[in-house]
Amino acid sequence: MEFPSPFSFISSLIFILVIFHLVTKSKRKAKSNLPPGPWKLPILGNLLQVAGKIPHLGLRELAKIYGPLMHLQLGEISAIVISNPRVAKEVLRTNDLCFADRPELILGKIILANCRDIVLALYGDYWRQMRKICTLELLSSHKVRSFRFIREDEAWQLIQSIKSSSGLPVNISDKVSKVSNAITCRSTIGEKCKYQDELIELVEEIAHWGSGFFMADLFRSVKFLPQLTGMKPALKKIRSKLDVIFDSIIKEHKERLNKRKEGTEYANEEEDLVDVLLRINESQRLEFPISSGDIQGLVLDMFTAGTDTSSAF
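This is the structure we're talking about:
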């Protein structure tokens, strides 16, 4: 009679213990007065109903059956899906403070140094400070107007590029995307954006890990899942590349800031967003000083918004 190998026995035992833990945990949860929703499997919940689909399209199909206010169980995560403008207004405006916090995603912990940005930061004093900086300094009407020359220059280059392709097929979507990325890069990091292509490539990788449903985020109690699924190693690799790029960017901008204060160079150049953040931080009037990681997080927010918008074309 053959006995299973020690490795097979241990693997099976771990699997059984994990399943037992999840089942026990799900049974311990008290039933709440939740909206209607599709039937739910033990442990997985409603993952099978949305698996393999573009998330918003899958949710739309379910909402047609279960209504504009629907409950889904996504692994260990209990989620309420809203598909109605009136109900969305009730949640996002009337009761916005009740729903102001963000989910704690593995991506935010690794890429954004424990969610030190605007998009994934927890609601509180730090988030309010950074939002105020964005509203009054980074995205004010004056600052947007100051970047007009960048938009005009990139639009002119787009026209010339199309003109030079006269008589040949032109991929307008690709060209518009490149122009949008160039405007975002020049406005955020500066005129000479030598890291543009590499940054956009990394942002696209981040967008992949930040969209859809990932087991490591849906089963947080299973601590080895981020490593087992490859999510944690992939995000750490992206983070290490970003650190190298942003260390160089911030170093260059600090040198420029010093020369601007001395009046030797850059006095007449328009500040980019990194310049603004460094200047504000140096004023020492902030409740929460801005670290290099905070600057990195804000710039990534800008890049992600810019590349996502342009990719929609």
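Sequential numbering from 155 applies to the sequence shown in my numbering. For glycine and all other residues, C-beta sits at the position ideal for the given N, C-alpha and C.
Straight-line Cα distance separating residue j from residue i
i, j, result
"glycine 206", "leucine 246", "29 Å"
"leucine 216", "proline 192", "8 Å"
"leucine 440", "leucine 198", "45 Å"
"leucine 201", "glutamine 381", "21 Å"
"aspartate 328", "leucine 312", "11 Å"
"tyrosine 220", "lysine 194", "13 Å"
"arginine 410", "glutamate 425", "10 Å"
"arginine 285", "leucine 292", "10 Å"
"leucine 251", "valine 453", "26 Å"
"isoleucine 262", "glutamate 230", "Reading the sequence as shown, one finds glycine at residue 262 and not isoleucine. So the two alpha carbons sit approximately 19 Å from each other."
"glutamate 345", "lysine 391", "28 Å"
"glutamate 436", "phenylalanine 301", "23 Å"
"alanine 233", "arginine 374", "15 Å"
"phenylalanine 368", "serine 320", "45 Å"
"threonine 248", "arginine 414", "46 Å"
"proline 196", "serine 295", "52 Å"
"lysine 377", "tyrosine 280", "28 Å"
"glutamine 203", "serine 334", "36 Å"
Among the options, the one whose alpha carbon lies nearest that of residue i
i, options, result
"alanine 255", "Glu359, Val330 and Gly278", "Checking the sequence, you will find aspartate at residue 255 rather than alanine. Of the listed residues, the one whose Cα sits closest to aspartate 255 is Gly278."
"valine 235", "Lys263, Leu266, Gly262 and Pro189", "Pro189"
"leucine 353", "Lys243, Ser437 and Met456", "Met456"
"glutamate 306", "His225, His296, Arg340 and Ser319", "Arg340"
"isoleucine 360", "Leu290, Ala336 and Leu396", "Leu396"
"glycine 364", "Val273, Gln450, Cys347 and Asn187", "Val273"
"alanine 388", "Asn422, Ser375, Ala370 and Ile444", "Ala370"
"lysine 386", "Leu356, Ile264, Trp281 and Leu276", "Ile264"
"serine 402", "Asn268, Gly417, Ile449 and Lys218", "Ile449"
"arginine 393", "Val330, Phe442, Arg214 and Glu355", "Glu355"
Beta-bridge partners of residue i, as assigned by DSSP
i, result
"glycine 199", "Leu195 and Leu228"
"alanine 233", "Leu226"
Counted within 10 angstroms of its Cβ, other Cβ atoms place residue i as buried (16 or more) or exposed
i, result
"glycine 460", "buried"
"histidine 210", "exposed"
"tryptophan 310", "exposed"
"threonine 342", "buried"
"histidine 362", "exposed"
"isoleucine 326", "exposed"
"arginine 270", "buried"
"asparagine 412", "exposed"
"isoleucine 208", "exposed"
"alanine 275", "buried"
"lysine 332", "buried"
"leucine 322", "exposed"
Beta-carbon spacing of residue i, residue j below 7 Å
i, j, result
"tyrosine 349", "isoleucine 399", "yes"
"proline 222", "serine 237", "yes"
"leucine 372", "leucine 259", "no"
"histidine 407", "valine 430", "no"
"isoleucine 337", "glutamate 308", "yes"
"isoleucine 404", "serine 445", "no"
"valine 357", "threonine 458", "yes"
"glycine 451", "leucine 266", "yes"
Within-7 Å CB hit, residue i to chain C
i, result
"histidine 407", "Of the protein chains in this structure there is only one, and it is not chain C."
beta-carbon residue i near the ligand NAP non-hydrogen atom, thresh 6 Å
i, result
"arginine 214", "Absence of the ligand NAP is noted for the structure shown, with no ligands found whatsoever."
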